[in-house]
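In the working numbering, the protein residues as written are 2 to 482.
Where a beta carbon is used, it is the ideal one built from N, C-alpha and C, also for glycine.
The model shown is predicted, which means the values in this text are computed figures rather than measured ones.
First comes the structure, then the notes that go with it.
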């Protein structure tokens, strides 16, 4: 038996290649849109993919299950649980088999048993795996977004991302019942989740790739809750704000993700076209490091440096379906290709092209100045705020705010910024901050692109503020000199 984890760092998402080495056949669980990696992995192991499935309709990335099954000539198994509204629109395609609780399928000598594990979503299923030549007892369970290492799937996304009112508490109670069911399974079962640390599908996911059910029964807060009421309160508290694109992912994954035969390679655009891109109102995303963007950037561009958080930040502040242009030091660099890849994995397919450093030079030669990102040191910001001369806008998560924040600051989490722009005043100076400065750079550039002018970024963010022993509710309260 072969079990191989294919982990996407930008999404903190795991697909699983599970193969029977005796027959050379394999099943893939929860593939992302980039199917090249799993196809290459199967080929390297001498495996033919005969089955493709997924645990649920995903909200944080565009599924590759339908496309992978097409490319591999495999059977596509989809959950038939959850009722109306949670049924795949492409359920009647010739290669689709619908699965429900208690069903099973085999891949070579491997048996997969379907468990309906709702709560994160109504249609969510998990897969118990048995290696039949070794034992008639299961070896482990693929839990998708149901149980993670150290955490459980959040039940609030239907309400907070898909905007289905009144579903959070009901989902939490269903999730609690699902957890009671899994607790009846043997402790020795290995547990293979669909996400790791960094995912927005939970609030405290562990970084190790797998665990055991017995260990999670001891340490996972979701499996050790004292009561249903305590669990409901805890699971709904402190969940991170979902990026705006989550709602679109849910819809596309249900209705049928567009096929993608190859990852996109952005066209290299002529330098003079940058002014046209800015004038068009498209999202012009500057991938350079934060310090480079702060030193000088094209007014109207968004400062979102390429990192593991890139797709999350773009999906938080760039409207889904928008035309996107990229700026990098080198338009032909791996950074540009990687950025386009990560955007494609969350369905941002309209990446028109990329500009290099020569586009910034052409901008200046055309008589248009580059702009710095204005900043302010914590002590200076504290004096202005104390005098009522500036407003602090905190773009961290609500859970971070609860742990400590600056008195008088306005909480506006980054994923909510574009929907709540009207709440940010234009008639007074605004100082934006996050924990260390990365999210606030994104936020300042968004505000600037939307016409705000009197903006500054707090150097070092909340960490620097506390480090300077400045007033913070829940933290240091030493008066400003």
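*Report the rounded CA-to-CA distance for residue 310 versus residue 129, giving the unit in angstroms.*
The residue given as residue 310 occupies position 309 in the chain shown. The residue given as residue 129 occupies position 128 in the chain shown. Looking at the two C-alpha atoms, the distance is approximately 32 Å.
*So, helix, strand or coil for residue 93, using DSSP?*
Start at 1 with the first residue of the chain shown, and residue 93 comes out as number 92. The answer is coil: DSSP assigns residue 93 none of H, G, I, E or B.
*Would you check if there are 3 or more beta carbon pairs closer than 8 Å linking the region 340-355 to the region 262-278?*
yes
*In this structure, what does DSSP give as the bridge partners for residue 194?*
As a first step, residue 194 is located in the chain shown; it is residue number 193 there, counting from the start. Bridge partners of residue 194: 145.
_Outcome for residue 82 when other beta-carbon atoms lying within 10 angstroms are tallied against a minimum of 16_ = If you number the chain shown from 1, residue 82 lands on position 81. So residue 82 counts as buried.
*Check the C-beta distance from residue 201 over to residue 313 and give it rounded, since I have them as a contact under 8 Å.*
As a position in the chain shown, residue 201 is number 200, starting the count at 1. As a position in the chain shown, residue 313 is number 312, starting the count at 1. Confirmed, Cβ separation roughly 7 Å.
*Consult DSSP for residue 479 and reduce its assignment to one of helix, strand or coil.*
Stepping through the chain shown from its first residue, residue 479 is reached at position 478. Interpretation of residue 479 is limited by its pLDDT of 34, a score under 50 that renders its predicted location unreliable; no figure is taken from the coordinates.
_So, for residue 329: in the same chain, excluding its five sequence neighbours on each side, which residues have a beta-carbon less than 7 Å away from its beta-carbon?_
By one-based count along the chain shown, residue 329 stands at place 328. Closer than 7 Å at the Cβ level, and outside the excluded window around residue 329, lie 288, 289, 336, 337, 355 and 357.
*I think residue 459 touches residue 433, with their Cβ atoms under 8 Å apart; what is that distance to the nearest whole Å?*
Position 458 of the chain shown holds residue 459. Position 432 of the chain shown holds residue 433. In this structure residue 459 is in contact with residue 433, their Cβ atoms being roughly 7 Å apart against a cut-off of 8 Å.
*Would you mind working out which of 47, 380 and 79 sits nearest residue 471, comparing C-alpha positions?*
Counted from its first residue, the chain shown places residue 471 at position 470. Out of 47, 380 and 79, 380 has the C-alpha closest to the C-alpha of residue 471.
*When we look at the beta-carbon of residue 254 and count the other beta-carbons within 10 Å, is it buried (16 or more) or exposed?*
Here residue 254 is taken as the residue at index 253 of the chain shown, counted from 1. Only buried fits residue 254, as 16 or more other CB atoms lie within 10 angstroms of its CB.
*asked:* Please state the DSSP three-state secondary structure of residue 168.
replied: Sequence index remark: in the chain shown, residue 168 carries index 167 (1-based). The answer is coil: DSSP assigns residue 168 none of H, G, I, E or B.
*Nearest to residue 298 by alpha carbon, out of 369, 240, 350 and 325?*
Indexing the chain shown from 1 puts residue 298 at position 297. Taking residue 298 as reference, the option from 369, 240, 350 and 325 with the minimal CA-CA separation is 369.
*Taking Cβ to Cβ, would you say residue 7 is nearer than 8 Å to residue 16?*
Stepping through the chain shown from its first residue, residue 7 is reached at position 6. Stepping through the chain shown from its first residue, residue 16 is reached at position 15. Taking 8 Å as the Cβ cut-off, residue 7 and residue 16 qualify as a contacting pair.
*asked:* Strictly by DSSP, which residues pair up with residue 110?
replied: Working through the chain shown from its first residue, we reach residue 110 at position 109. Beta-bridge pairing links residue 110 to no other residue.
*If you follow the beta strand (DSSP E) that residue 222 is part of, which residue opens it and which one closes it?*
In the chain shown, counting from the first residue as 1, residue 222 sits at position 221. Counting along the chain, residue 222 falls outside any beta strand (DSSP E), and DSSP gives it neither H nor E.
*asked:* Considering Cα atoms alone, identify which of 97, 108, 155 and 183 is closest to residue 118.
replied: Translated into positions along the chain shown, residue 118 becomes position 117. Cα-wise, what sits closest to residue 118 is 183.
*Return the Cβ separation of residue 24 and residue 65 in integer angstroms, given the expectation that the two are a contact with Cβ distance under 8 Å.*
In the chain shown, residue 24 corresponds to position 23, counting from 1. In the chain shown, residue 65 corresponds to position 64, counting from 1. 24 Å between Cβ atoms; not a contact.
*If you pair each beta-carbon of the region 401-411 with each one of the region 371-378, do three or more pairs fall below 8 Å?*
no
*Out of curiosity, what's the CA-to-CA distance linking residue 212 and residue 99?*
As a working note, residue 212 is residue 211 in the chain shown. As a working note, residue 99 is residue 98 in the chain shown. Straight-line Cα distance between these residues: approximately 29 Å.
*Take residue 239 as the anchor and find which of 400, 5, 450 and 359 has the nearest alpha-carbon.*
Position 238 of the chain shown holds residue 239. It is 400 whose Cα lies nearest to the Cα of residue 239.
*asked:* Would the region 242-259 count as touching the region 80-94 if we require 3 or more Cβ pairs under 8 Å?
replied: Result yes; three or more Cβ-Cβ pairs closer than 8 Å.
*Just mark residue 443 as buried or exposed, buried being the case when its beta carbon has 16 or more other beta carbons within 10 Å.*
Sequence index remark: in the chain shown, residue 443 carries index 442 (1-based). Buried, by the Cβ-count rule.
_N-terminal and C-terminal residue of the alpha helix (DSSP H) that residue 443 is part of_ = Reading the chain shown from its first residue, position 442 is the one you call residue 443. Residues 439-450.
_Taking the straight line between their C-alpha atoms, what separation do you get for residue 449 and residue 50?_
Position 448 of the chain shown, counting from 1, holds the residue named residue 449. Position 49 of the chain shown, counting from 1, holds the residue named residue 50. In a straight line, the C-alpha of residue 449 is about 49 Å away from that of residue 50.
*asked:* For residue 16, report the span of its beta strand (DSSP E) as first-last.
replied: Within the chain shown, residue 16 is the residue found at index 15, counting from 1. Here the beta strand (DSSP E) through residue 16 covers 14-21.
*Measure the alpha-carbon distance for residue 353 versus residue 281 and round it to whole angstroms.*
The sequence position of residue 353 within the chain shown is 352, counting from 1. The sequence position of residue 281 within the chain shown is 280, counting from 1. The straight-line gap from Cα to Cα measures roughly 12 Å.
*Do the CB positions of residue 9 and residue 33 come within less than 8 Å of each other?*
In the chain shown, counting from the first residue as 1, residue 9 sits at position 8. In the chain shown, counting from the first residue as 1, residue 33 sits at position 32. Cβ atoms of residue 9 and residue 33: closer than 8 Å.
*Taking only runs of the beta strand (DSSP E) that begin and end inside the region 322-353, which ones reach a length of at least 3 residues, in chain order?*
Counting only unbroken stretches of 3 or more residues, the beta strand (DSSP E) elements lying wholly within the region 322-353 are 325-328, in sequence order.
*Can the beta-carbon of residue 149 be found less than 8 Å from the beta-carbon of residue 196?*
The residue labelled residue 149 in the question sits at position 148 within the chain shown. The residue labelled residue 196 in the question sits at position 195 within the chain shown. Between residue 149 and residue 196, the C-beta spacing is below 8 Å.
*How is residue 49 classed by DSSP in three states: helix, strand or coil?*
The residue labelled residue 49 in the question sits at position 48 within the chain shown. Strand.
*Output the boundary residues of the alpha helix (DSSP H) element that contains residue 458.*
Locating residue 458 in the chain shown gives position 457, where the first residue counts as 1. Per DSSP, residue 458 belongs to no alpha helix (DSSP H); it is in the beta strand (DSSP E), 456-459.
*DSSP three-state assignment for residue 407, whether helix, strand or coil*: One-based indexing of the chain shown puts residue 407 at position 406. Coil, per DSSP.
_Distance between beta carbons of residue 125 and residue 488, contact taken as under 8 Å_ = One cannot answer for residue 488 here, as it falls past the ends of the chain, which runs 2 to 482.
*Per-residue DSSP class, three states only, for residue 251*: Position 250 of the chain shown, counted from the first residue, corresponds to residue 251. In this structure, residue 251 counts as helix in the three-state DSSP scheme.
*According to DSSP, what are the bridge partners of residue 28?*
Your numbering for residue 28 matches position 27 in the chain shown. Paired residue(s): 19 and 52.
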